[in-house]
Amino acid sequence: MIGYLKKNFPATVTSETVKKYGLASNNESYVINALQFIGLIDEEGKRQENAHDVLTTHDEEEFQSKFAGLIKTSYSELFEMYGDEAWTLPKAKLIGYFRQSDKTSDVIGARQAAVFQAFRSIAGYEVLAEPKGAAVAGGKKPKAAAAKVPKAKIEAAPLDVADPAHPGAKVPPKPDMALTVRIEINLPAEGTQDTYDAIFKSIKTHLYP
27 MIGYLKKNFP
37 ATVTSETVKK
47 YGLASNNESY
57 VINALQFIGL
67 IDEEGKRQEN
77 AHDVLTTHDE
87 EEFQSKFAGL
97 IKTSYSELFE
107 MYGDEAWTLP
117 KAKLIGYFRQ
127 SDKTSDVIGA
137 RQAAVFQAFR
147 SIAGYEVLAE
157 PKGAAVAGGK
167 KPKAAAAKVP
177 KAKIEAAPLD
187 VADPAHPGAK
197 VPPKPDMALT
207 VRIEINLPAE
217 GTQDTYDAIF
227 KSIKTHLYP
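Residue 27 is where the sequence shown starts when you use our numbering, and the numbers rise one by one after that.
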């Protein structure tokens, strides 16, 4: 409705005006009440001059700033309680506020919250999407990806070489005589802890008797 009034704001706005635009069929009175609440029209539906100045502002950013001023004035108690956070309150909190403030039912509270959300959106404040649960459809949990077990690598230390002149004595190997043994073991991904323990126990037995 605000969009139509920005293009043409008649001197008097009634339920018939709302019907003419094809809006809120059978709920025209709610639209009129909302326009009266934020001071665009009076109780007789007559256009208010300050509201006319706001809605005829051509620059969009300037219009949003002026319209936000109307909203803050009209919802003064809400902004006194929440400050500028009111611009971004989720619908659930807004419903709770209106129900407690006006002693209304859940249906009326939800309707009041929806109207405020519509007004603040026009003022340039995006309505926050309601958070969604992270549950997977059907209640099933996603399967965990099977963990990949890396190949185990064992590097043996360079072997000591016996000194032929002195049996029993050992000397470090020369650089060109170094010997390195590399063993690769493929561990089964589906193996249990006992399986892994048995494998490493066998390695220890045979490599380090």
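All C-beta atoms in this analysis are idealised placements derived from N, C-alpha and C, irrespective of residue type, glycine included.
A118 is the residue among S147, R146, A118 whose C-alpha sits nearest the C-alpha of V133. DSSP places M107 in the uninterrupted alpha helix (DSSP H) bounded by 102-108.
With a cutoff of 8 Å on beta-carbon distance, I148 and I64 are scored as not near each other. For E75, the uninterrupted alpha helix (DSSP H) segment begins and ends at 75-81. If the five residues before and after Q138 are omitted, its C-beta is found closer than 6 Å to the C-beta atoms of F124, all from its own chain and listed in chain order. C-alpha of I97 to C-alpha of G122: approximately 19 Å in a straight line. In this structure, DSSP gives I97 a helical state, which the three-state scheme calls helix.
According to the DSSP assignment, A112 belongs to no alpha helix (DSSP H), since it is labelled neither H nor E. Here A112 is buried: its Cβ has 16 or more other Cβ atoms, across all protein chains shown, within 10 Å. For the pair of segments examined, the stretch 94-110 was found not to touch the stretch 52-60: the number of CB pairs separated by less than 8 Å stays below three. Distance from the CA of S91 to the CA of H84, rounded to the nearest whole angstrom, comes to 12 Å. I64 carries a coil assignment under DSSP once its states are collapsed to helix, strand and coil.
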